[in-house]
Structure formats: structure tokens, C-alpha cells
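Comments concern the structure below.
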Amino acid sequence: DFDREIKVVVLGNGGVGKTSMIRRFCKGIFTDEYKKTIGVDFLEKAQFVDALQEEVRFMLWDTAGQEEFDAITRTYYRGAGAAVIAFSTTDLDSFKAVPGWKEKIIAECGDIAMCLVQNKVDLIDQAVVSADDVEAMARQLQLKLYRTCVKENINVSEVFGYLAELHNKK
Ligand code: GDP
Numbered sequence: 740d741f742d743r744e745i746k747v748v749v750l751g752n753g754g755v756g757k758t759s760m761i762r763r764f765c766k767g768i769f770t771d772e773y774k775k776t777i778g779v780d781f782l783e784k785a786q787f788v789d790a791l792q793e794e795v796r797f798m799l800w801d802t803a804g805q806e807e808f809d810a811i812t813r814t815y816y817r818g819a820g821a822a823v824i825a826f827s828t829t830d831l832d833s834f835k836a837v838p839g840w841k842e843k844i845i846a847e848c849g850d851i852a853m854c855l856v857q858n859k860v861d862l863i864d865q866a867v868v869s870a871d872d873v874e875a876m877a878r879q880l881q882l883k884l885y886r887t888c889v890k891e892n893i894n895v896s897e898v899f900g901y902l903a904e905l906h907n908k909k
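For the numbering used here, count along the sequence shown from 1 and bump the result up by 739.
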């Protein structure tokens, strides 16, 4: 049995790498039964979190493309203890949408543990937003910033370790 269990929602515009991030972190272990029951992609992963000296069981939910229609259901947010707000290095709209995602999370879940993720840093030569602008956004929204490359598995588990630590403080 696990001492600690956190539901984490991964939000951001379509195409930023949310599904890839969840699958990468959970190594593709799907809970098909759950999907059949409530119709969402849901994965879980246990990871030892150094800062807590404890194993944490992360329950990850994927929006499965529903974000395109602003149709993410209450079920998706219910009981979430932490949230990733992701945008892509190569998609300006996804960056501009970040404050809106934070507001949405606060409206649905309150002031839960959150962080900002700039994904696809392997495509930095095609960046549509400067490092300064990204850092300014993180400061303004008071979110810790992680730069990830889900494709090469860079900084992904760090994001979840941080969220567990922050969740523990709240
Ligand atoms: P979602 O719509 O936010 O769930 O995004 P997906 O996980 O479906 O990813 C959208 C596309 O971005 C896919 O083709 C992924 O392979 C690609 N992708 C995800 N992460 C990265 C990354 O770190 N680097 C690059 N170059 N592509 C990525």
C-alpha cells in the first residue's frame, strides 16, 4: 500500500505534448478498466520522491483532445491535487493560453500545486517565444518553470517530483 496518492491533471493546448508526457512518465501502463468506466485516459505510476523520502503514487489523467472544444468535464478536474500547465516551444498560441489554463485550474480545483512546463526544448531553434518572455510569464503567475523534452525524456520525472513536494506543503 502507498502512503501518498496524488491525482495530477496535465493541461495545455492541443499538440503541446500532454499525452506524450503522461505516457513517457508512466511508461505506457494504461488502466483500461478505468477508461471504459468513465471515458478518460488514466495512468498511474509510483515514484520515490527524494524531497519527501517517500514513494508517491501519481494518478495521471489525459484530456484526450477534449481541450480543443473547451469541453473538459468536471470529472477530469475532480479531486486533483496537482496540475501541470504545459505549452510548446514552437506554438505561440499555447504560450499565450497559459494564464487562462491557470485561471481554469483555480476555478475548478482551487489553489492546488502547479507548475509551468515548456515542452519541446529540443526544437529551441524554432522557438517562437524568448527565454526572457517565458521566465517573465512564470514569475508573473508565480509558477516554477520546467523546460522539458518529452521526446528525449529530459526533466519529466523532475516535474512530478516537484509537484509532490509542493502538494505536501499545501
Ligand atoms: P497533446 O495534444 O498535448 O496531448 O500532445 P501529444 O502528446 O499528442 O504530442 C503532439 C506532438 O508533439 C506529437 O507528434 C509528439 O510526438 C510531439 N512531441 C511531444 N513532446 C515532444 C518533444 O519534447 N519534442 C518534440 N520534438 N516533439 C514532441
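Note that the Cβ used here is the ideal one computed from N, Cα and C, for glycine as well. Nothing here was measured: the structure is a model prediction, and the numbers come from that model.
Between residue i and the ligand GDP, is the CB less than 7 Å from at least one heavy atom?
i	result
K766	no
G753	yes
G839	no
D832	no
V748	no
V889	yes
N907	no
L902	no
S896	no
Candidates the options: which alpha carbon is nearest residue i's?
i	options	result
L782	A790, Q792, K757 and E891	K757
S827	L905, V889 and K859	K859
Between which two residues does the beta strand (DSSP E) containing residue i stretch?
i	result
E793	E793 to D801
I845	Unbroken run through I845 is the alpha helix (DSSP H), V837 to C848; no beta strand (DSSP E).
Since residue i contacts residue j with CB under 8 Å, what's their CB separation in whole angstroms?
i	j	result
L831	V867	4 Å
F899	F787	Rounded, the Cβ-Cβ distance is 11 Å, inconsistent with contact.
Just curious, the alpha helix (DSSP H) that residue i is in, first and last residue?
i	result
V895	V895 to K908
Is it the case that the segment 876-886 contacts the segment 847-863, given that we only count it when at least three CB pairs across the two stretches are under 8 Å? Counting Cβ pairs under 8 Å, three or more are found: they touch.
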